[in-house]
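Comments concern the structure below.
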Amino acid sequence: MDNKPNLKLVRTFISVIIIAGIFFFLARSLYRNWEQVKGQLVTLHFQWLLLFVAFLFLALNFLIGAYAWKRILSYFREKISLRQSIQIIAYALLGKYLPGKVWAIFGRIYLAKEIGIAERHSALSVVIETAYLLISALALFVISLFFYPSLLAKTYLLLILIPITIIMLVPSIFNRVVNFLLARIKQAPVDFRVGLKQALVLFLLYLSAWIVAGIGLYSLIISFYPLGWKALFIFPGAFSLSWIIGFIVIFAPGGLGVREGLFALLIAPIVPEALNIVISLISRIWITISEILIFLFVFLFIKLRRINVIQKEARS
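Numbering of the sequence shown is given in the numbering used here, commencing with residue -2 and proceeding in unit increments.
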C-alpha cells in the first residue's frame, strides 16, 4: 500500500500547526505589550524621504541580484543582457509567495527558456545563486555578532563559520559540497567551472546585496522610530539569518511567519519588546510592497518600450 498520500497529509498538517504556532507566539507577545504598542502606533509618523530611501535600497538589492545572476549564466556560456535578467527575475518574483518555494524558480527557468537559455543552465544558475546567497548571508550574520556583545559571548563558537565560509569559496570545494547536497535530493551534479577570483566576485556581489537590503531596512525603521548607529550593523545580519531560516523551512510560502518571528527575536536586544514584533511585521509589508512595485515598474517599462518600438516602426 502506498503511504505517500498519508505522509503528504501529515506534513501539511504539521506545517499548518507550526505556522499557526509561530503566529500564536507573535500575537501573544503583541497582546501582552499592547498598551505600549498602541502608544507607539498612535504616534507613528513616517518620514517620507527615509521611506523612499528604504525602497530605493531594496530596488538596488534587486538590481545587484539581477546582475549577479547574469554573471552566473555567463559562466555557463549563456549570454543575457541585464535588461533581460531584470525582466525575468521581476516576472518570476511573486511566485515565491506560493507554497512549495518552487514557482519562482520554475517561472525563471521557463522565461529564460523563452529567450534561448538552456533549461539545464538556468536551473543550475539558480542552484549556484542560492548557494552564494546562503554563504554570504551566513557570513554577514557572523560578522554582525561582533555588535551583539552578549550574544557573541554565548555563541562565540559560530565564529568558526568565518574560515568555513572562506574555504567554501574555493571552486573545487564549492562544487563538492553543492553536489553532495544535490545528490541527497536526487538531482544531477553541477559542474561550475570558475576561478577563485570569479568566485570571490560573486560572493562580494551577494554580500553587498544583503548589506544594501539591511541598510534599506534600517532606513525604513528610522523613518518612524529612532535607532542608534549600532542597529545599522545588526539589522543586515539579523535580516540575512532570518532569510536563511525562512528559506530552509519549506512549508512556509516566502518564509511567511518564520522570518518575522526570528527577526523579531534577533533585534530584541536593541529594540523595545513592545516594538520588535511591529517592526518585524512592517519589514515584511515593506518587502512585499517593494517586490510588487518592482514587478509593476518592470512590467510597465517593458510595455512602454514595446509600444515605443512599434510606433517607431510604423513611422519608418
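No residue lacks a Cβ here, since even glycine has one placed at the ideal position from N, Cα and C.
Contact between residue 138 and residue 230 does not hold, since their C-beta atoms are separated by about 11 Å, which reaches or exceeds 8 Å.
Close CB contacts of residue 236 within its chain, under the 7 Å cut and outside five residues either way in sequence, are with 210, 211, 214 and 260 (chain order). Judged by their CB atoms, residue 272 and residue 222 are nearer to each other than the 8 Å cut-off. Secondary structure remark: continuous alpha helix (DSSP H) runs of at least 4 residues inside the region 81 to 130, in chain order: 100 to 111. Secondary structure at residue 227: helix, using DSSP grouped into helix, strand and coil.
Around residue 287, the same chain offers 52 and 55 as residues with beta carbons nearer than 6 Å, after the five sequence neighbours per side are excluded. Residues 234 of the same chain have their beta carbon placed closer than 7 Å to that of residue 140, with the five preceding and five following residues left out of the count.
Sequence-distant Cβ neighbours of residue 281 in its own chain, meaning closer than 6 Å and more than five residues away, are 257. A direct Cα-to-Cα measurement between residue 180 and residue 190 gives close to 19 Å.
In the DSSP assignment, residue 213 falls within the unbroken alpha helix (DSSP H) covering 193 to 219.
In this structure, the CA atom of residue 202 is about 22 Å from the CA atom of residue 295. Taking residue 100 as the centre and dropping the five residues before and after it, the same chain places the C-beta of 92 closer than 6 Å to its C-beta, in chain order.
Looking at the backbone, the Cα of residue 74 and that of residue 262 are separated by about 43 Å. Between residue 241 and residue 84, the CB-CB gap reaches or exceeds 8 Å. Comparing alpha carbon positions, the residue from 289, 171 and 136 closest to residue 188 is 171.
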